[in-house]
Every structure is written in C-alpha cells, then in structure tokens.
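986 is the number of the first residue of the sequence shown in my numbering; add one for each residue after it.
Glycine included, every Cβ here is placed at the ideal spot set by N, Cα and C.
What follows is a single structure, written as structure tokens, with notes after it.
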Amino acid sequence: MGRINEIWERRVLIFNLSSSELKMRYRNSVLGIIWTFLEPLLMLLILYFVFTNIFRFEIPNYELYILSGLVLWGMFSRGTSMGLDCISSKGGILKQIYMPREIPVIVSTITSAVMLIFEIGVFVLFLVALQFVPTKTIIILPIMISLLFIVVIGVSFALSVLSVKFKDFKFLWTVVIQAGFFLTPIFYKLDILPETLQKILYFSPIAQIIDISHDALLYDKFPENEVWITVIGTSFLTLIIGYMIFRKMENRIMEEL
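Rendered as structure tokens:
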C-alpha cells in the first residue's frame, strides 16, 4: 500500500507528464494536437476501405465490426509499444529525479487511453454516418475498456523492464503485435479458426475483450458467466504477472540505462 500511496501523491505529476507526452507526440507537426483526431480518422478510413472492399467477410454490420475492433486493438498495440520504451526513454530523468518507477508506465498507458477517447469519438461519427443505433448491451463497454486498460498496463510493466535488459525485445514485440493483429477477431469471427486455436485464444484477454465488445455493441448479446470470469481473471492475472516482473527487475535495469 505504501507504493500505491506514493504514486497517488504524485498524481499531479502523472497528469502533467501525460499531457506533455501527448503534446510531444505531435510537437513538430503543422496541425499539432489536431492529429489526435485526424490520425485515427484517416487510419480507420483506410482500413475500412481495405477490409470492406477487398477482404470482406459475411458478418452482420461488418463495417462497424471492423472499426470497433480496430479501435480497441489500436489501444493495445499503441499502449504496449509506448510502454515498451517508457523506461529507456526516460532513463536520464529517472537517474536525476526520484520518482516511483511505475510512473512512466502509468503515464504511457494514460496517454494511450486519452488517444483511445479521440478514436472513440471518430467511431461515433461512423455510427452516425451509417445510421446505426447501438443495442442496450453497450452498457458493458466501459467495463471492457477498463479491462483493456488493465491488460495494457500489465503488459507494459513487463515490457518496460524487459526491453531495457534485453535490447532485442522491442524487435520481438513488433513481430508479436503483427501476429496478434491477425490472431485477434478484428476482421473475422473466432469461430472460423481451428478449434485448437479457439481454445488458446479463449484465454487471451485482448481477444476476449474485442469479441465481447463486438457482441455487446452490435448484436445485443451479453457474455455468459464463464466468459465473464475468464476475461476478468485473465486481465487481472496479466496485470499481476506484469507487475511482478517489473518489481523483480526494476532495480537491476537502472544499471542498464
């Protein structure tokens, strides 16, 4: 609890660093902070065109199925990639100024979550354009987004120290992200995969979060109790394991910075 209190006492610092991180991302661009809205809009439009005209699957509300999956996957991909570099990129600050070493990980996750909010805003525009009224089960989406945040920060805790200790880890994670994109039900349904692979992905929190979100947003479907237990359990397990790795390695990696 002492560590949590110490982090909470520095909540203003976390807020300021998150704000600074977001501004730094677009510092040298002409449009500046406008890119937080324009970037996801352009990316979603491109992927929307590709998957609805070239790789289309026979799935109801397919356009929104793809877009919602891309928004959620984008948070995971971007958040963990930012988390991977958050310690190594702030090595000088961490050596000069004392702060709980969890703060850079928290800041990177919050920054990616703020960007997710802008992407959700873009997604709402698509809902309006396609004249789609979400079903009542949409009420569980905040829970799914909260679980996604937990997964991202858990993975980021582990990646932030592993990438400092093992320099090749960032290249490996790029491959994992690329493979994960095609192994996650973003543009297809899980039931088209071989049964063995379905069983494995059943314990992937990010795959389950996206799958449940699809059903809740588009098909008026709540997850079964067993699925609820699994996705909540695997999400918090990811956080626990990631943080255990972080705590075990945090002191040693300071020598590597």
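Hey, how far is the Cα of residue i from the Cα of residue j?
| i | j | result |
| --- | --- | --- |
| T1219 | L1175 | 18 angstroms |
| R1086 | E1043 | 47 angstroms |
| G1068 | V1160 | 16 angstroms |
| S1074 | V1149 | 10 angstroms |
| M1229 | I999 | 22 angstroms |
| L1055 | R988 | 35 angstroms |
| N1001 | P1089 | 12 angstroms |
| D1070 | I992 | 20 angstroms |
| G1106 | Y1173 | 23 angstroms |
| S1208 | I1091 | Correcting the residue identity first, residue 1208 is Pro in this sequence and not Ser. So the two alpha carbons sit approximately 29 angstroms from each other. |
| N1046 | S1093 | 33 angstroms |
| I1214 | G1064 | 24 angstroms |
| Q1183 | I1177 | 9 angstroms |
| S1131 | S1005 | 23 angstroms |
| F1231 | V1113 | 43 angstroms |
| L1030 | I1082 | 43 angstroms |
| F1034 | L1027 | 11 angstroms |
Using three-state DSSP, classify residue i as helix, strand or coil.
| i | result |
| --- | --- |
| T1065 | helix |
| E1087 | coil |
| V1118 | coil |
| F1207 | coil |
| V1015 | With a pLDDT of 47 at V1015, under the threshold of 50, the modelled position of this residue cannot be trusted, and the question is left open. |
| N1046 | coil |
| I1082 | coil |
| I1102 | helix |
| I1072 | coil |
| R1232 | helix |
| R995 | coil |
Determine, using beta carbons only, whether residue i and residue j come nearer to each other than 7 angstroms.
| i | j | result |
| --- | --- | --- |
| G1227 | F1142 | yes |
| P1190 | V1212 | no |
| E1224 | I1128 | Sequence check: residue 1224 is Leu here, not Glu. Contact: no. |
| F1061 | V1146 | no |
| I1194 | P1170 | no |
| F1117 | L1052 | no |
| L1049 | L1186 | no |
Excluding sequence positions up to five away, which residues of its chain have a Cβ less than 6 angstroms from the Cβ of residue i?
| i | result |
| --- | --- |
| I1095 | S1003 |
| S1066 | none |
| G1139 | T1223, L1224 and G1227 |
Whose C-beta lies closer than 7 angstroms to the C-beta of residue i among residues of the same chain, with five residues either side of it excluded?
| i | result |
| --- | --- |
| K1206 | T1122 and D1200 |
| W1058 | F1166, T1169, I1171 and I1195 |
| M1234 | V1146 and K1150 |
| L1133 | L1057, M1060, F1061 and I1194 |
| L1115 | E1048 and L1049 |
| L1126 | S1198, A1201 and L1202 |
In its own chain, which residues sit with a C-beta less than 8 angstroms from the C-beta of residue i, not counting the 5 before and 5 after it?
| i | result |
| --- | --- |
| F1154 | L1069, L1144, L1147 and S1148 |
| E1238 | The sequence as given places Ile at residue 1238; Glu does not occur at that position. Counting only Cβ-Cβ distances below 8 angstroms, and skipping sequence neighbours, we find I1072, V1146, V1149 and K1150. |
(message) Which complete alpha helix (DSSP H) runs does the segment 1126-1204 hold, if anything under 4 residues is left out?
(response) 1126-1150, 1154-1168, 1180-1186 and 1190-1203
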